[in-house]
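Visitor:
Residue numbers (this note's numbering): 1102 to 1244.
#1: Whose C-beta lies closer than 7 angstroms to the C-beta of residue 1194 among residues of the same chain, with five residues either side of it excluded?
#2: Skipping 5 residues on each side, what residues in its chain have a beta carbon closer than 6 angstroms to that of residue 1138?
#3: Can you grab the Cα-Cα spacing for the pair residue 1133 / residue 1103, in whole Å?
#4: Would you kindly check if the distance between the Cβ of residue 1214 and the Cβ of residue 1181 is under 8 angstroms?
#5: Taking buried to mean at least 16 other C-beta atoms within 10 Å of its own C-beta, is residue 1118 buried or exposed?
#6: Determine the direct distance from the alpha carbon of residue 1222 to that of residue 1242, and round the result to whole angstroms.
#7: Measure the CB-CB distance between residue 1211 and residue 1105 and report whether it falls below 8 angstroms.
#8: Quick check on residue 1139: does DSSP put it in helix, strand or coil?
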């Protein structure tokens, strides 16, 4: 995922509910010194973005992570303006729970400026190594 920020000004993190998108976004925040995290379901964070153009112009040198961005569709034109003005890679990480709506909103406004990254849920082999599964199969086949 970190490589995505090297090649794109904005990254959209997609995936089904409860697959770890917000957890990953918070982890990325720790990796990028000075990055800012906003959860638009949090009233305090929502208020901080009441004048988004002014806010983003003051934070162009930092990664800005916006969780639940689909709650503020009016942000997309502002984000486009900021991305076009600065032209830096690794400026935005956007995350939302309504993935289809988020893709539609971002692709219409941020076309050519955004990279989509899909996070999928874990599958059994990722959670349990083959050796653990093999041992449990032997035990269950014994009756």
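Built from N, CA and C at the ideal position, the CB exists for glycine as well. Everything numeric in this text was worked out from a predicted model, so none of it was measured.
Guide: The relevant details are as follows:
#1: 1112, 1114, 1126, 1129, 1164 and 1166
#2: 1130 and 1166
#3: 10 angstroms
#4: yes
#5: exposed
#6: Because the pLDDT at residue 1242 is just 49, under 50, the model does not fix this residue reliably, and the value given afterwards should be weighed accordingly. Cα to Cα, residue 1242 sits roughly 29 angstroms from residue 1222.
#7: no
#8: strand
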